[in-house]
Structures are given as structure tokens and as C-alpha cells.
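See below for the structure under consideration.
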Amino acid sequence: MFKNTTELAENKLLLLYIFDKLNIPLSNSHITQIILENNLIDYFSLQQYLSELIESGFIKDTKEDKWHMLTITSRGKDVLEFFYNRIPESKKDTIDKYINSHISSIKKDIEVFSEYEPLGNSRFMVNLKLREGEDILIDLKLPASSNDEARHICGVWKKNYKDIYDKLMDFFK
Numbered sequence: 001m002f003k004n005t006t007e008l009a010e011n012k013l014l015l016l017y018i019f020d021k022l023n024i025p026l027s028n029s030h031i032t033q034i035i036l037e038n039n040l041i042d043y044f045s046l047q048q049y050l051s052e053l054i055e056s057g058f059i060k061d062t063k064e065d066k067w068h069m070l071t072i073t074s075r076g077k078d079v080l081e082f083f084y085n086r087i088p089e090s091k092k093d094t095i096d097k098y099i100n101s102h103i104s105s106i107k108k109d110i111e112v113f114s115e116y117e118p119l120g121n122s123r124f125m126v127n128l129k130l131r132e133g134e135d136i137l138i139d140l141k142l143p144a145s146s147n148d149e150a151r152h153i154c155g156v157w158k159k160n161y162k163d164i165y166d167k168l169m170d171f172f173k
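Written out as C-alpha cells, the structure is:
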């Protein structure tokens, strides 16, 4: 399954490096996107590594509503610091360049949530959330009468969350 134990260790350290470098909670889909867009680890191995890192206490999986967010633990930081030099410079450079060019979109995605779930009879519940750090600024649930409407609401929220939030706050002044 794995070419060797060195590759296994390097890949797990690389994941810890990414979590440490970003220093923000990441969803599984965000870490998967970073890894796959840079062709660093195949999808199935990545999921296995993440599970093993969680089991060993190097990353923490916290659930907020329906979202699972992954963060590096102090134990994970200690391991990374100790074995930092075992991560190939080329992989660190690849990650650093990716993070530098995508940091604003990664942070925006982390702070602005939108999802929907079916309720039955072609009805959906849309959940919109805006976070600033650990603080939840808004958590709004809206009904939608179709899958298309639910996706549309999520898209509008992602594009216009700041204006929507500001107008809502102005309403309460």
C-alpha cells in the first residue's frame, strides 16, 4: 500500500505542516483540495492519514453544527517541530506558494458557511453562517422550495455575505 515508511511519515508531517502553517481550522474538503490540487498525496491515502493523525492526537476533529473542522494539537506541533527537517523542501515550497496565493479564499471559506439539507417533499433547509475567529456573528436558517433555490441562496450568501450582514445589523440600530 505504501512505498515505504519514510513516505508515510513525510506525508503525515506534510499534513501537520499545512495545519500549522495556516493556523486556522480546516474542513476535510479544504485539506483535500490543497493536497489534490498540488498532487501531493492520493485521496484514499490522505483520508487514511487524517484518520490516523486524529487517532494519535496530532490533529483534533471538532464538530460545529454539521461541520467537522480539523486543527493541529499541541502534541502535533511538538512532533512537527521535532521532525520538521524530514519534510522535503520542495513540498514545503509547493505548500507555501499555494497558501500565499490562496490564503484569502481559504479564510473566506472558513468564515462563511452555507449548506442545505432536504426536508422532504422537495423542500430544503438552508443554513447560512458567518464566523469571525471563534465568534459566530450570524447563524441563519431559511426554507427553500427546491434544490435550485437552496443552491441559489447559498451562492448569494457566499458572494454577498458582508452586504447582507451589514444591512441586517443596520436594521437593528
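Here UniProt numbering is used: position 57 in the sequence shown is 57, and no number is missing along the way. Glycine included, every Cβ here is placed at the ideal spot set by N, Cα and C. All figures in this text were calculated on a predicted structure; none of them were measured in a lab.
Please report the residue range of the alpha helix (DSSP H) in which residue i lies.
i	result
Y165	N147 to F171
Y17	T5 to L22
F83	S74 to F83
For residue i, is the classification buried or exposed, using 16 other Cβ atoms within 10 angstroms of its Cβ as the cut-off for buried?
i	result
I136	exposed
S114	buried
I35	buried
L70	buried
M129	For clarity, residue 129 is Lys in the given sequence; the question names Met instead. Buried is the call here.
F19	buried
E89	exposed
I103	exposed
May I ask which residues mark the beginning and end of the beta strand (DSSP E) holding residue i?
i	result
I138	D135 to A144
S114	V112 to G120
Going by the beta-carbon positions, is the gap between residue i and residue j smaller than 9 Å?
i	j	result
I59	L46	no
L168	I153	no
I31	L8	no
I87	E10	yes
residue 174	K21	The structure shown does not extend to residue 174, since the chain spans only 1 to 173, so no value can be given for it.
Since residue i and residue j are thought to touch, with beta carbons under 8 Å apart, how far apart are those beta carbons, to the nearest angstrom?
i	j	result
K91	L40	6 Å
I24	K107	6 Å
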